[in-house]
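Protein chains in written order, with this note's numbering: chain A, 1 to 621; chain B, 1001 to 1054.
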């Protein structure tokens, strides 16, 4: 019984030696139910086993010169962890305990050497995984919401890069071993190549920042840093002295890894990392010769590694409940952001996901919900229409929205349009209905709106086809046009005026009578703007001008159609201007001569955000 | 015994040198951060302002 904790701990250390490079992808090692990843669980188990072993045997296999810095670090970091009550703050004392456990239960030199080599191989596998996820987009990839990077880097790109550099050192050493079998050397070389490709070709990983936390630190923080530096330096010094006496290549390997890890920790804004404490412990165990191992750990803990592999495969294929760091666990994260009102974050998250897989209707639903919650019913309806029109990939990466969710969104949209005055200006609901194929209900909803208002003038019945097409175009459904052509021109104009807010205006006197009405409509879809310009049966349409990222509402003041003098008699231009980076350059310019739309020119202006309904119409009588 | 003491002294001397090196390294990172020196050692075409997920 007395030796059991040591045997179990030695086994767990062996597992940790193989899986620590995957720590940057903790969602792949997630253990359901525990709410932690496998590395965290092993570290907690090691802490408990160390306590048990000390209670049974009353002997710590750690030299005094390394014990006192550990005790000092524990004394300094535990109060801070308790006071701040955060997981990150708690990592510091846990790292110290892991270091002590690793030295205490550490393996023989021969086994330690194998463990380090297996670490390198595991890092090579990680690099291959990253390359596969980068080029296939089938395996889960992480991303950073604000940068919009569907990168194969994890949430923790700095640490993954450091991990890969450390493993690269090992792989290069393994590839350079003269006595190793040829297959092993080739495999190590391939792994090193994969690591190098990931490190050098990841152009979409974020730029790293320099460590800038040195100044302004408290005395306690300085004391913690100084003690940790001394501990690392002392272990490195022990390794170096031992190497001079009876060195082998593991000394150099561990020294290189230690110094690289220390430099990374000093230069980059990395928080405390458990694997670094493990590697430091392994180095210390290697340097301290006076203690014999309490148990003989296996060279390769096959069962433990198999379990870790199963976790990685399962977490690759499925999002287990509670695995909130899983990049495909968009649902839980999005629901959390939605509840907290972080709609911009939802949009960023979904945009990033669309970068991986552009036609995922699930992301469209979340964007529609976010737009509606932000008070943009038209854009919400546009995203809803995208759900209906999109042809999702087979099989989709994310489950498409079901009928209940779509129905619930329609109800929410209807309530929004009813609750916000004036409801007549909200064509979003009929648009969503039309997109959902509920044409009859859409026409009924439009009829109610039209009946509520009357236009200020009598309209020529001959205008009906043009007006019906304008309404149908604005609602994004050409199927509505035949049904609307049975309406009176007065009703159609009433509908358009109440959406457009006084759109009718007098045209230039030289337009031939038969050319009227001239109708210009701009419709904002989810990611594009489309235009329809029609004059007496002649139609010009321009579809799909991309819309850039959504701006705040206020940026659209002054947007809309305007009439400009042309370059000759009877010629004038109709321009659609948006305020943007180009200083109000028109997004679209239509040349109209003798009442006939002749040419459409795409302007240099950029479209951003949502066009309010009242600026999207231009009707000339 | 004498060897052990000598080894201990040597360890302390190397450790002290390393601590000084660490201090210089941290100071250099601090200086670079304050003087706005960007480094994109691993990712040349990188975007800025990374935000880490909770």
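Beta carbons are placed, not taken as given, at the ideal position from N, Cα and C, and that holds for glycine.
Shown in chain order are the members of the stretch 234 to 268 of chain A whose Cβ falls below 7 angstroms from a Cβ of chain B: 234, 236, 237, 238, 240, 241, 262, 263, 266, 267. Ranked by Cα distance from residue 229 of chain A, the first of B:1025, B:1005, B:1003 is B:1025. In this structure residue 381 of chain A touches residue 431 of chain A by the C-beta definition: roughly 4 angstroms separates them, less than 8 angstroms. With contacts defined by Cβ atoms closer than 8 angstroms, residue 428 of chain A and residue 377 of chain A form a contacting pair. Chain A has a Cβ within less than 8 angstroms of the Cβ of residue 1007 of chain B. Think of a sphere of 7 angstroms around the beta carbon of residue 22 of chain A: no beta carbon from chain B falls inside it, the nearest being about 17 angstroms out. With its beta carbon at least 8 angstroms from every one in chain B, residue 68 of chain A lies outside the interface.
Secondary structure of residue 479 of chain A (DSSP, three-state): coil. Between residue 409 of chain A and residue 390 of chain A the beta-carbon gap is near 15 angstroms, outside 8 angstroms, which marks them as no contact.
Taking residue 3 of chain A as the centre and dropping the five residues before and after it, the same chain places the C-beta of 294, 295 closer than 8 angstroms to its C-beta, in chain order.
For residue 61 of chain A, the closest alpha carbon among the candidates A:31, A:107, A:19, A:32 is that of A:107. Where residue 180 of chain A is concerned, there is no enclosing beta strand (DSSP E), because DSSP gives it neither an H nor an E. Around residue 450 of chain A, the same chain offers 491, 494, 495 as residues with beta carbons nearer than 6 angstroms, after the five sequence neighbours per side are excluded.
The beta-carbon separation of residue 304 of chain A and residue 14 of chain A, rounded to 7 angstroms, stays under the 8 angstroms limit for a contact. Residue pairing by DSSP places residue 573 of chain A opposite A:564, A:591 in a beta bridge.
For residue 102 of chain A, the closest of A:5, A:525, A:55 by C-alpha to C-alpha distance is A:5. Taking each of A:340, A:274, A:479, A:369 in turn and checking the Cα distance to residue 40 of chain A, the smallest one comes out for A:274. In summary, residue 341 of chain A is exposed, with fewer than 16 beta-carbon neighbours lying within 10 Å of its beta-carbon over all protein chains present. Under the three-state reduction of DSSP output, residue 349 of chain A falls in the helix class. The Cβ atoms of residue 73 of chain A and residue 96 of chain A sit closer than 8 angstroms to each other. The straight-line gap separating the alpha-carbon atoms of residue 44 of chain A and residue 245 of chain A is approximately 36 angstroms.
Interface criterion not met: the Cβ of residue 366 of chain A is under 8 angstroms from no Cβ in chain B.
The C-beta of residue 230 of chain A comes closer than 8 angstroms to at least one C-beta of chain B. Contact annotation: residue 172 of chain A and residue 261 of chain A have beta-carbon atoms that are not nearer than 8 angstroms. By alpha-carbon distance to residue 1030 of chain B, the top candidate from A:370, A:177, A:266, A:99 is A:266. Shown here, residue 539 of chain A sits in a strand according to DSSP, grouped into three states. Looking at A:441, A:286, A:330, the one whose alpha-carbon comes closest to that of residue 253 of chain A is A:286. Looking from the CA of residue 114 of chain A, the closest CA among A:71, A:68, A:249 belongs to A:249. With respect to the C-alpha of residue 485 of chain A, the residue from A:81, A:443, A:8, A:385 having the closest C-alpha is A:443. In the DSSP assignment, residue 105 of chain A is bridged to no other residue. DSSP, read as helix, strand or coil, puts residue 531 of chain A in strand. Contact annotation: residue 279 of chain A and residue 258 of chain A have beta-carbon atoms nearer than 8 angstroms. For secondary structure counted as the alpha helix (DSSP H) over 4 or more consecutive residues, the stretch 296 to 373 of chain A holds these complete runs in sequence order: 302 to 317, 330 to 340, 343 to 356. CA-CA distance, residue 533 of chain A to residue 411 of chain A, rounds to 33 angstroms.
A straight-line Cα-Cα distance of about 47 angstroms links residue 37 of chain A and residue 434 of chain A. Across the structure, residue 349 of chain A and residue 20 of chain A are spaced so that their CA atoms are roughly 28 angstroms apart.
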